[in-house]
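Undergrad:
Residue numbers (this note's numbering): 66 to 216.
(1) The beta strand (DSSP E) with residue 100 in it runs from where to where?
(2) If you follow the beta strand (DSSP E) that residue 199 is part of, which residue opens it and which one closes it?
(3) Going by DSSP, which residues form a beta bridge with residue 178?
(4) Nearest to residue 164 by CA position, among 172, 120, 145, 196, is which residue?
(5) Considering only the alpha carbon of each residue, which of 172, 178, 197 lies closest to residue 189?
(6) Would you list the one or two residues that DSSP bridges to residue 187?
(7) Express the C-alpha separation of residue 91 and residue 168 in angstroms, rounding to a whole number.
(8) To the nearest angstrom, how far is the alpha carbon of residue 140 from that of residue 177?
(9) On the criterion of 16 or more Cβ atoms from any shown chain inside 10 Å, does residue 194 qualify as buried, or is it exposed?
(10) Just the Cα atoms here: how many angstroms apart are residue 103 and residue 137?
(11) Alpha carbon to alpha carbon, what distance is there between residue 187 and residue 135?
(12) Taking the CB atoms as reference points, tell me whether residue 111 and residue 132 lie closer together than 9 Å.
(13) Can you give me the Cβ contacts of residue 197 inside the same chain, cut-off strictly under 6 Å, excluding the 5 residues immediately before and after it?
(14) Inspect the beta-carbon positions of residue 113 and residue 143 and report whether they are closer than 9 Å.
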């Protein structure tokens, strides 16, 4: 009997914790979509495909593994955000502040990246195939680009 009870608890406990994480995630997502502001929010793995996040305040947000395919991030502030492994395929990334952001493993295939601040950002293992990059310090092949900071 004890073994069955322990087995039942072991199976149910992860579901209870998963629901509380998803609830927080949903709250943060709703906050972002309704206000355009979500500093230090937990948005890992969320689907923001095609979202209009123009001017959004996402400073320090966790967007690890998020789907931002075809998202419009024009003028967004992602200072210190975690975008590791995020999918930004065909995203519009213009005048975006990515200072000190974690972009390791992010996919920018066919993205448009213009006039964005990547000062002190972590840029390892980016996928930038077919991306249009202008006035943004993202180097190709390990180039040491001079990356200016926005004042």
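The beta carbon of each residue, even a glycine, is placed where N, CA and C say it ideally should be. Only a predicted model underlies this, so the values are computations on that prediction, with no experimental measurement involved.
TA: Taking the coordinates as given:
(1) Your numbering for residue 100 matches position 35 in the chain shown. According to the DSSP assignment, residue 100 belongs to no beta strand (DSSP E) but to the alpha helix (DSSP H) extending over 67 to 100.
(2) Here residue 199 corresponds to residue number 134 of the chain shown, with the count starting at 1. Per DSSP, the unbroken beta strand (DSSP E) holding residue 199 starts and ends at 197 to 199.
(3) Start at 1 with the first residue of the chain shown, and residue 178 comes out as number 113. In the DSSP assignment, residue 178 is bridged to 158, 198.
(4) Taking the chain shown and counting its residues from 1, one reaches residue 164 at position 99. The shortest Cα separation from residue 164 among 172, 120, 145, 196 belongs to 145.
(5) The count along the chain shown starts at 1 and reaches residue 189 at position 124. Looking at the Cα atoms, 172 is the closest of the given residues.
(6) To locate residue 187, count along the chain shown from 1; it is residue 122. Assignment of beta-bridge partners to residue 187 by DSSP yields 167.
(7) For the purposes of this step, residue 168 is taken as the residue at position 103 of the chain shown. For the purposes of this step, residue 91 is taken as the residue at position 26 of the chain shown. When the Cα atoms are used, residue 168 and residue 91 turn out to be separated by approximately 23 Å.
(8) Residue numbering aside, residue 140 sits at position 75 when the chain shown is read from its first letter. Residue numbering aside, residue 177 sits at position 112 when the chain shown is read from its first letter. Approximately 13 Å, taken between the alpha carbons.
(9) The residue you call residue 194 lines up with position 129 of the chain shown. Answer is exposed; the Cβ neighbour count stays below 16.
(10) Taking the chain shown and counting its residues from 1, one reaches residue 103 at position 38. Taking the chain shown and counting its residues from 1, one reaches residue 137 at position 72. CA-to-CA, the gap between residue 103 and residue 137 works out to about 16 Å.
(11) Taking the first residue of the chain shown as position 1, residue 135 is located at position 70. Taking the first residue of the chain shown as position 1, residue 187 is located at position 122. Roughly 22 Å between the two C-alpha positions.
(12) Taking the chain shown and counting its residues from 1, the one referred to as residue 111 is at position 46. Taking the chain shown and counting its residues from 1, the one referred to as residue 132 is at position 67. Result yes, Cβ atoms of residue 111 and residue 132 sit closer than 9 Å.
(13) Position 132 of the chain shown, counted from the first residue, corresponds to residue 197. When the five nearest sequence neighbours on each side are left out, the beta carbons in the same chain lying within less than 6 Å of the beta carbon of residue 197 are those of 177, in order along the chain.
(14) What you label residue 113 is simply residue 48 of the chain shown in a count that begins at 1. What you label residue 143 is simply residue 78 of the chain shown in a count that begins at 1. Their beta carbons are not under 9 Å apart, which means residue 113 does not touch residue 143 by this criterion.
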